[in-house]
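Participant:
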Amino acid sequence: MHDPFQAFGHKENVEFMNVPFLDLQMQFNQIRSEIMSAIEAVCEEQHFILGSRVIELEQTLASYIGCDYAVGVASGSDALLLALMAVDVQPGDEVVTVPFTFFSTASVISRLQAIPVFIDIRPDTFLMDPAQLETRLTSRTKAIIPVHLFGQCADMDVILDVAHRKGIPVIEDACQAIGATRRGVRAGAWGVAGCFSFFPSKNLGGFGDGGLITTNDPDLRDTISSLRVHVSRSGYEHVCMGVNSRLDALQAAVLTVKSRYLDVWNATRRAHASLYAQLFAEANLLDRVSLPWIEPGNESIFHQYTIRAKHRDQLMAYLTQKGIGHRVYYPTPLHLQDCYRHLGYGPGSFPVSESAADTVLSLPIFPELSKEQIAYVVGTIQDFYRLG
Ligand SMILES: *Cc1c(COP(=O)(O)O)cnc(C)c1O
57 MHDPFQAFGH KENVEFMNVP FLDLQMQFNQ IRSEIMSAIE AVCEEQHFIL
107 GSRVIELEQT LASYIGCDYA VGVASGSDAL LLALMAVDVQ PGDEVVTVPF
157 TFFSTASVIS RLQAIPVFID IRPDTFLMDP AQLETRLTSR TKAIIPVHLF
207 GQCADMDVIL DVAHRKGIPV IEDACQAIGA TRRGVRAGAW GVAGCFSFFP
257 SKNLGGFGDG GLITTNDPDL RDTISSLRVH VSRSGYEHVC MGVNSRLDAL
307 QAAVLTVKSR YLDVWNATRR AHASLYAQLF AEANLLDRVS LPWIEPGNES
357 IFHQYTIRAK HRDQLMAYLT QKGIGHRVYY PTPLHLQDCY RHLGYGPGSF
407 PVSESAADTV LSLPIFPELS KEQIAYVVGT IQDFYRLG
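Structure representation (structure tokens):
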């Protein structure tokens with residue numbers, strides 16, 4: 057059997073190795089010439105906003121995700137905002153989502169003066185618990201936003217079942233899940249709209265901000281396309297309020313190049329996750345850490361490799377000392393944020409999200425990571441629990 061520890065000749069871990077949490081430089085170095093010529097082509101064209109480069113990316117990603125249309129926008133947050141605007145979320149409306157996610161999943165709801173209504177997550181997958189959905193829907197519920205956190209699809213079939221019965225649109229926060237599938241269907245192809253982010257650290261990251269909305273509904277596509285350019289007729293006649301949220305040609309050109317590598321990068325992340333799982337098991341650490349649980353039928357793109365760890369905060373200090381990058385996504389659930397105090401939730405409102413916030417730890421998983429680095433991470437965690 058292949059033994060990554062063999063590289064060091066013995067089972068003792070090496071003294072020190074630098075393992076960054078994420079290294080975008082390595083990826084850039086591998087595709088530098090392709091990226092630079094795409095950027096140069098845009099500079100020659102001098103057409104910087106929307107245009108043929110953006111259309112090319114929209115078509116490429118719509119067909120990759122399995123949707124009829126895709127609309128490029130300025131960020132993942134804007135993708136969520138425009139999707140909510142497109143399904144006509146109004147002040148006072150309710151939008152159901154989870155508190156264990158990145159801030160903008162909920163802040164876009166508030167930006168429209170609508171009310172975020174939270175439901176808790178599943179303890180095993182960290183994803184929206186569909187069992188809690190039905191009881192939280194009211195006559196004012198205007199949309200549901202499940203989040204495909206860490207690269208795994210939420211229980212879309214169950215969520216859509218409830219939503220369809222009530223006639224409520226589902227908008228997917230697929231910002232961490234480009235390429236992820238559930239029963240063979242990709243994230244972003246389930247709901248009325250799928251929202252993606254090209255923030256540089258995402259699995260498909262640009263050289264700046266960017267985002268995308270997917271849909272099969274031609275009317276929704278038209279509405280969103282118009283919202284992203286201030287809803288103007290003929291340029292200067294405005295029938296309602298939109299925003300400035302366009303994707304740049306430079307970003308689109310970079311992303312089109314990178315999209316060709318996405319499947320390989322995602323598969324490499326999955327291979328890294330398998331190696332982590334194998335090494336954690338061999339190190340007998342499964343009573344100290346719990347590994348990411350991928351639901352049968354789901355294929356994760358491992359945007360994050362997120363474990364739960366005993367004595368997490370002490371472990372983090374030890375990892376820092378040993379040169380290993382790590383992060384906590386997310387340390388404070390949204391219902392406990394100061395800006396959401398007015399919603400009236402408190403500690404104990406969403407115990408699963410709160411316990412996740414206290415125990416989760418994301419380890420390095422970017423594709424260019426070496427097996428030796430992964431072995432060093434697991435070996436260091438083993439040392440920590442042995443010493444502790
Ligand atoms: C990154 C992210 C967003 C926001 O995307 P930006 O492009 O940074 O605006 C929204 N939701 C989730 C779950 C994300 O990970």
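When we follow our numbering, the leftmost residue of the sequence shown carries the number 57, and every step to the right adds one.
A virtual CB, placed ideally from N, CA and C, is assigned to each residue, including glycine.
1) Using 8 Å as the limit for Cβ to Cβ distance, is G148 near chain B?
2) Could you check whether the Cβ of Q307 sits closer than 7 Å to any heavy atom belonging to ligand 1?
3) Check whether the Cβ of D265 sits closer than 7 Å to any heavy atom of ligand 1, and report yes or no.
4) Using only the alpha-carbon positions, how far apart do N340 and D439 sit?
5) Y396 by DSSP, collapsed to three states: which one?
6) Give the range of the beta strand (DSSP E) segment to which A199 is assigned.
7) Apart from the five residues just before and just after S315, which ones in its own chain have a Cβ nearer than 8 Å to its Cβ?
8) Less than 8 Å between the C-beta atoms of G267 and A130, yes or no?
9) What alpha helix (DSSP H) runs, 4 residues minimum, are completely inside the stretch 126-176?
10) Quick one: Cα of T197 to Cα of E410, how far?
11) Cβ-heavy atom distance between S301 and ligand 1 below 7 Å?
12) M141 and L106 - do their beta-carbons sit closer together than 8 Å?
13) Secondary structure at A243, three-state DSSP: helix, strand or coil?
14) Does C99 come out as helix, strand or coil in the three-state DSSP assignment?
15) Buried or exposed for G148, please, with buried defined as at least 16 other CB atoms from any protein chain shown within 10 angstroms of its CB.
16) In whole angstroms, what separates the C-alpha of I171 from that of L138?
17) Do three or more CB pairs link the stretch 300-318 to the stretch 79-95 at distances below 8 Å?
18) Take the Cβ of Y292 as the centre, count every other Cβ of all protein chains shown within 10 Å, and call the residue buried at 16 or more, exposed below.
19) What's the call for A97, buried or exposed, on a 16-neighbour Cβ count within 10 Å?
20) What are the partner residues of G250, as DSSP defines its beta bridges?
21) Quick one: residues in its chain with C-beta nearer than 6 Å to the C-beta of V408, no 5 flanking neighbours on either side, listed in chain order?
22) Measuring only the C-alpha atoms, how far is Q307 from G404?
23) Just the C-alpha distance for M255 and G381, rounded to the nearest angstrom, thanks.
24) When you compare the CB positions of A162 and M184, do they come within less than 8 Å of one another, or not?
25) Between Y386 and F158, how many whole angstroms is the CB-CB distance? I'm expecting something under 8 Å.
26) For a test of the three-state rule: what should DSSP assign to A365, helix, strand or coil?
27) Does H286 come out as helix, strand or coil in the three-state DSSP assignment?
28) Let me make sure I understand the geometry here. Which of Q146, V218 and T270 has the alpha-carbon closest to that of I111?
29) With a 10 Å radius around its C-beta and 16 neighbouring C-beta atoms as the bar for buried, classify Q62 as buried or exposed.
30) Taking S315 as part of the beta strand (DSSP E), name the residues at either end of that continuous run.
31) Tell me whether F406 counts as near ligand 1, meaning its Cβ is closer than 7 Å to at least one heavy atom of that ligand.
32) With distances taken between CB atoms, is the gap from A41 to A230 smaller than 8 Å?
33) Taking DSSP as the reference, what is the three-state secondary structure of A63?
34) What distance in whole Å lies between the Cβ atoms of M212 and L202, which are believed to be in contact at a cut-off of 8 Å?
35) Is the beta carbon of V173 closer than 8 Å to that of E150?
36) For a test of your reading of the model: does the CB of V203 fall under 7 Å from any non-hydrogen atom of ligand 1? Yes or no.
Facilitator: Inspection of the coordinates gives the following:
1) The structure shown has no chain B; it contains just one protein chain.
2) no
3) yes
4) 12 Å
5) helix
6) T197 to I200
7) L113, T116, L117, Y120 and L260
8) yes
9) 132-142 and 160-167
10) 25 Å
11) no
12) no
13) coil
14) helix
15) exposed
16) 16 Å
17) yes
18) exposed
19) exposed
20) E228 and T270
21) D176, I177 and P179
22) 42 Å
23) Correcting the residue identity first, residue 255 is Phe in this sequence and not Met. Roughly 19 Å between the two C-alpha positions.
24) no
25) 7 Å
26) strand
27) coil
28) T270
29) Since pLDDT at Q62 reaches only 47, below the 50 mark, its modelled position is unreliable, and the value read off the structure follows with that caveat. Result: exposed.
30) Unbroken run through S315 is the alpha helix (DSSP H), A305 to S315; no beta strand (DSSP E).
31) no
32) Residue 41 cannot be examined here, being either before or after the span of the chain that is shown, 57 to 444.
33) Its pLDDT being 45, under 50, A63 is placed unreliably by the model, and nothing is read from it.
34) Leu is not the amino acid found at residue 202; the sequence shown has Pro there. Yes, they are in contact, since the Cβ atoms of P202 and M212 sit about 7 Å apart, within 8 Å.
35) yes
36) yes
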